[in-house]
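J.: The structure follows.
Residue numbers (UniProt numbering), protein chains in the order written: chain B, 1 to 314; chain R, 1 to 314; chain G, 1 to 314.
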């Protein structure tokens, strides 16, 4: 791999998944990363992504340098040709080129503004790093995607799946804040690469970007969608159509045990952090169907496999 | 040891102290921590604790990941059964379980609010980690205790003591801000485990929690309390009775050379940071009786001994 | 070397430069730093300095502990004899002494206030660390100097120079914010130690401290100053005379290709971050004369040479 910015950067998904599972089974330090440095740049908060990626890098023998971009350093300018007389002290051209000299891999998190759809979809931060960095770039969640999470989800489903073609339901859930579509987008894109029967359930007005969902069936009846599901992936997102808006809350969409009865004793997944009793009920998260902790644990091995592939340029 | 959250977690104090002093004498890297990761989570500022614990972990060969909990990550919910529709994005149940997968030991600092005594005494943060983490937890100072500091103090007294049963005086001192009782609490509990003659001196209204002080003599006359002291431990704390309040300032309680004359040429201790000329006079801190720097240096070895004991599960 | 606080700490500049270039050529981990710890303390933001110094330390095998001084820790008091009843929780006397026990080298960044010239020139922060730390101290940019940047610049000029005595022009450039004189000061001091023909160009009222510039020719005509230059070092600084003030903006002083024509096809240098199209035009930064990225890359080797010299006490 050259970068890991979106799922199109994956050349061989099956290999990447099996590599992750191998790394998990070994759980030992490789030598691949010895003498190499990962630089992590956060424009937004992070717990799992920060720690699992740092852990992954260290398991490979890499050094890790972490920066909270705007707090520890300088505000960055991304516009080409800007006359930089405002508050932004450094242009991405210099920042990316300089970081490329201190780091062997650069990992970046930059959430969307959720106001200007066109701007968010241009993926300015991620694409600027892609353009101006001379080392591989990893997406730690960007305006429209979260490919490390998607790889983790693919790994977790591979681990747990017992069928030739399991039914996977991605269901919207309520949330008090307007959230990005990035996790849902990458999950859909990833599932389309796997041998699963994917169904999306969301209320009217919450359809994801049709260019991403494509032919995937979308149902407004959550109960019906959940029928016979083997995996239920729960996630909130704000409206794509009325971009970044919460149209209405649908408390009835909270996943609870009653709804799980519709499924084929489905495994319940979520990327975390999860709002208990809003997105998913306590009874589900504390019950036997939940695999959210195992899923979070797999973040390490997804990141490790990606870092290894980037360092080996395979 | 299984955890190091309060002093009751210590099974063999003498061994822990001698282990610390051995580690200090060797000052060399052990292999105990190789391939292991310490995660440090700060809900409050820290200088000594942060750096000495990080240093200790690295001396053991461990990797260290540091997070400023609320700034770098998500605000955490600690209430069981909460409907999480407010600003708190993640429940401690998930956070602790997930961190347990990335870290081999979790260390947490969480100060008290000093408003609701009952809430502070419930030690919600520390006990939640104890409950939901599957790896050992270290207290980096909590609402009511600072056991790493107390171990440091035990080590320092052991190093410097020349008597079979030295007189140790814990004396309150003035301070412009309302401070927790945690350092004083743990110091008293630790001294009660050691072969010393402990006396507490504080103004009327500043008595510590009687469940902690127990039979320890408490004197309102600082001068009298200091008579023949071999060690003077200076520390401010806010009122326990009128919880978290500064009742009045007592400038006359600042420790100075005049007062030291009452003592048996006592060693002067303080956990730092110390307000010069408010808590302790310059002449004392810059004089020969002060051992505060040596004491701070011992923080490393206390943390190292605790980490080693946790990793070896001894 | 004992410290690296200002350029007077350098005993043998030529050796330090050649050591840097040797480290750059080798680009391999030395054993010098094994078991040693670098503590970095930031009172101000940093990107290059933070990451290049951390990288340098790790290349030497050192452990690195980073603190954002005021955000992660306690506000420090620097006044001798202060009665510490305000917001400052810890005196530099304790902080420096304690850090000296956890770290083998301490590196500190502390910008000037640009209000009180006398106070800034006293270099209180840096000199307090020099006085109270018992381990070597590195200046990561202080009130009046940036000696790591100056060493980097010396290395870069040494690498690129083709003449026995090149002409080096330090030219002021406009900037929307009032900036310190520190980079310019250290650059001038460094150039005076090297075999170059140094000329300073700045508008009237922007003369640097005459004690630093000494006999160096200062011209108010930028175009004339640039004639036949082999190296052009571009940098903004606020007025030294009307201390810390922006007297007027001089947009005509932005370095562009038109002006470069005056030079001997000069290499263009800047310490970064650079305000594009304010300090230097896009056409220069994106053109062949710019060496700013190479220069930033050399920060690592300058820091590595300094750390090595400090650790070896040479």
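The beta carbon of each residue, even a glycine, is placed where N, CA and C say it ideally should be.
Owing to the predicted nature of the structure, the values given are computational and were not obtained by experimental measurement.
Nearest chain B C-beta to residue 47 of chain G closer than 8 Å, yes or no?
T.: Position 47 of the third chain, counted from the first residue, corresponds to residue 47 of chain G. At least one chain B Cβ lies under 8 Å of residue 47 of chain G.
J.: Taking the continuous beta strand (DSSP E) assigned at residue 267 of chain B, which residues delimit it?
T.: Your numbering for residue 267 of chain B matches position 267 in the first chain. It spans 267-269 - the beta strand (DSSP E) in which residue 267 of chain B sits, taken as one unbroken run.
J.: So, under 8 Å CB-CB, residue 233 of chain R and residue 160 of chain R are touching, yes? Tell me the CB distance rounded to an integer number of Å.
T.: Walking along the second chain from the start, residue 233 of chain R turns up at place 233. Walking along the second chain from the start, residue 160 of chain R turns up at place 160. Going by Cβ atoms, the distance from residue 233 of chain R to residue 160 of chain R rounds to 12 Å, so no, they are not a contact pair.
J.: Hey, does residue 232 of chain G have any beta-carbon neighbour from chain B nearer than 8 Å?
T.: Walking along the third chain from the start, residue 232 of chain G turns up at place 232. Output row for residue 232 of chain G: interface = no.
J.: Name the DSSP bridge partner or partners of residue 197 of chain G?
T.: By one-based count along the third chain, residue 197 of chain G stands at place 197. According to DSSP, residue 197 of chain G bridges with G:167.
J.: Could you give the DSSP three-state label for residue 233 of chain G: helix, strand or coil?
T.: Indexing the third chain from 1 puts residue 233 of chain G at position 233. Residue 233 of chain G: strand per DSSP, three-state reduction.
J.: Pop quiz: residue 257 of chain B and residue 83 of chain R are said to be a contact at Cβ under 8 Å. What is the actual Cβ separation, rounded to whole angstroms?
T.: Reading the first chain from its first residue, position 257 is the one you call residue 257 of chain B. Reading the second chain from its first residue, position 83 is the one you call residue 83 of chain R. Their Cβ separation, rounded to whole angstroms, is 16 Å, which puts residue 257 of chain B and residue 83 of chain R out of contact at 8 Å.
J.: Do residue 145 of chain R and residue 182 of chain R come within 8 Å of each other at the CB atom, strictly closer than that value?
T.: By 1-based counting over the second chain, the position of residue 182 of chain R is 182. By 1-based counting over the second chain, the position of residue 145 of chain R is 145. In contact: residue 182 of chain R and residue 145 of chain R (Cβ atoms closer than 8 Å).
J.: Which residues in chain G sit within 8 Å of residue 137 of chain B, going by Cβ to Cβ distance?
T.: Counting from 1 along the first chain, the entry for residue 137 of chain B is found at position 137. The premise fails here: residue 137 of chain B is roughly 16 Å from chain G at the closest Cβ pair, so nothing lies under 8 Å.
J.: Start and end of the beta strand (DSSP E) containing residue 64 of chain G?
T.: Looking up residue 64 of chain G in the third chain gives position 64. Here the beta strand (DSSP E) through residue 64 of chain G covers 63-68.
J.: Can you give the Cα-Cα distance for residue 202 of chain R and residue 226 of chain R, rounded to whole angstroms?
T.: Here residue 202 of chain R refers to the residue found at position 202 when the second chain is read from its first residue. Here residue 226 of chain R refers to the residue found at position 226 when the second chain is read from its first residue. About 11 Å.
J.: Checking 8 Å against the spacing of the C-beta atoms, do residue 402 of chain R and residue 303 of chain R come in under that value?
T.: Chain R is shown only over 1 to 314; residue 402 of chain R falls outside these bounds and no answer can be derived.
J.: Where DSSP assigns a beta bridge to residue 107 of chain R, which residues make up the other side?
T.: One-based indexing of the second chain puts residue 107 of chain R at position 107. According to DSSP, residue 107 of chain R bridges with R:40, R:138.
J.: Against chain G, which members of the region 101-121 of chain B pass a CB distance test of less than 8 Å?
T.: Closer than 8 Å at the C-beta level to chain G, one finds these residues of the region 101-121 of chain B: 101, 102, 103.
J.: Taking Cβ positions, are residue 65 of chain G and residue 33 of chain G nearer each other than 8 Å?
T.: Counted from its first residue, the third chain places residue 65 of chain G at position 65. Counted from its first residue, the third chain places residue 33 of chain G at position 33. The answer is no: Cβ separation not under 8 Å.
J.: Between which residues of its own chain and residue 236 of chain G is the CB-CB distance below 7 Å, once the five residues before and five after are set aside?
T.: Translated into positions along the third chain, residue 236 of chain G becomes position 236. Same-chain partners within the cutoff: 172, 173, 174, 175, 179, 279.
J.: Classify residue 228 of chain R as buried or exposed, calling it buried when 16 or more other Cβ atoms lie within 10 Å of its own Cβ.
T.: Counted from its first residue, the second chain places residue 228 of chain R at position 228. By the C-beta density criterion, residue 228 of chain R is exposed, having fewer than 16 other C-beta atoms within 10 angstroms.
J.: So residue 141 of chain B contacts chain R; which residues on that side make the cut at Cβ distance below 7 Å?
T.: Sequence index remark: in the first chain, residue 141 of chain B carries index 141 (1-based). Ordered by position in chain R, no residue passes the 7 Å Cβ test against residue 141 of chain B, which lies about 13 Å from the chain.
J.: Figure out for me which residue from R:309, R:305, R:310, R:312 has the closest Cα to the Cα of residue 26 of chain R.
T.: Position 26 of the second chain holds residue 26 of chain R. Among R:309, R:305, R:310, R:312, the Cα nearest to that of residue 26 of chain R is on R:305.
J.: For my contact list, residue 72 of chain R and residue 45 of chain B are in at a C-beta cut-off of 8 Å; report their separation, rounded to the angstrom.
T.: Taking the second chain and counting its residues from 1, one reaches residue 72 of chain R at position 72. Taking the first chain and counting its residues from 1, one reaches residue 45 of chain B at position 45. Yes, they are in contact, since the Cβ atoms of residue 72 of chain R and residue 45 of chain B sit about 6 Å apart, within 8 Å.
J.: Scan the region 275-289 of chain G for residues whose Cβ lies nearer than 9 Å to a Cβ of chain B and list them as they occur along the chain.
T.: 275, 276, 277, 278, 279, 282, 285, 286
J.: Do the region 117-136 of chain G and the region 96-108 of chain G make contact, defined as three or more Cβ pairs closer than 8 Å?
T.: yes
J.: Going by other Cβ atoms of all chains shown within 10 Å of its Cβ, with 16 needed for buried, is residue 242 of chain B buried or exposed?
T.: In the first chain, residue 242 of chain B corresponds to position 242, counting from 1. Burial call: exposed.
J.: Could you check what DSSP says for residue 8 of chain R in three-state terms: helix, strand or coil?
T.: Counting from one through the second chain, the residue named residue 8 of chain R turns up at place 8. The answer is helix: DSSP assigns residue 8 of chain R an H, G or I state.
J.: May I have the straight-line CA-CA distance separating residue 247 of chain R from residue 153 of chain R, to the nearest angstrom?
T.: In the second chain, residue 247 of chain R corresponds to position 247, counting from 1. In the second chain, residue 153 of chain R corresponds to position 153, counting from 1. Residue 247 of chain R and residue 153 of chain R: Cα-Cα distance of roughly 28 Å.
J.: Taking only beta-carbon atoms, is residue 37 of chain B less than 8 Å away from chain R?
T.: Stepping through the first chain from its first residue, residue 37 of chain B is reached at position 37. Taking Cβ atoms only, chain R never reaches closer than 8 Å to residue 37 of chain B, which makes this a no.
J.: Which runs of the beta strand (DSSP E) spanning at least 3 residues fall entirely within the region 172-218 of chain R, listed in chain order?
T.: 197-201
J.: Can you find a CB in chain R that lies within less than 8 Å of the CB of residue 62 of chain G?
T.: Taking the first residue of the third chain as 1, we reach residue 62 of chain G at position 62. Residue 62 of chain G does not count as touching chain R.
J.: Quick one, which residues of the region 73-96 of chain R are near chain B if we go by CB-CB under 8 Å, in chain order?
T.: Listed in chain order, the positions of the region 73-96 of chain R with a beta carbon within less than 8 Å of a beta carbon of chain B are 73, 74, 77, 81, 82, 83, 84, 85, 86, 89, 90, 91, 93, 94, 95.
J.: List the residues of chain G whose Cβ lies closer than 7 Å to the Cβ of residue 98 of chain B, in chain order.
T.: Walking along the first chain from the start, residue 98 of chain B turns up at place 98. Those within 7 Å of residue 98 of chain B in chain G are 48, 272, 293, 296.
J.: Would you tell me roughly how many angstroms separate the C-alpha atoms of residue 198 of chain B and residue 191 of chain B, rounded to the nearest one?
T.: Within the first chain, the letter at position 198 stands for residue 198 of chain B. Within the first chain, the letter at position 191 stands for residue 191 of chain B. Cα to Cα, residue 198 of chain B sits roughly 7 Å from residue 191 of chain B.
J.: Can you list, in chain order, the residues of its chain with a C-beta nearer than 7 Å to that of residue 240 of chain B? Leave out the 5 residues immediately preceding and following it.
T.: As a working note, residue 240 of chain B is residue 240 in the first chain. Hits under 7 Å: 181, 207, 208, 209.
J.: Opposite residue 276 of chain G in the DSSP bridges: which residues?
T.: Working through the third chain from its first residue, we reach residue 276 of chain G at position 276. In DSSP, residue 276 of chain G forms a bridge with G:280.
J.: Tell me which residue opens and which closes the alpha helix (DSSP H) that residue 306 of chain B is part of.
T.: Within the first chain, residue 306 of chain B is the residue found at index 306, counting from 1. Counted as a single uninterrupted DSSP element, the alpha helix (DSSP H) harbouring residue 306 of chain B occupies residues 292-311.
J.: By the criterion of Cβ-Cβ separation under 9 Å, what are the contact partners of residue 65 of chain R in chain B?
T.: To locate residue 65 of chain R, count along the second chain from 1; it is residue 65. Within chain B, the residues near residue 65 of chain R are 50, 51, 54, 55, 58, 64, 66.
J.: Around the C-beta of residue 116 of chain R, are 16 or more other C-beta atoms found within 10 angstroms, so that it is buried, or is it exposed?
T.: In the second chain, the residue the question calls residue 116 of chain R occupies position 116. Answer is exposed; the Cβ neighbour count stays below 16.
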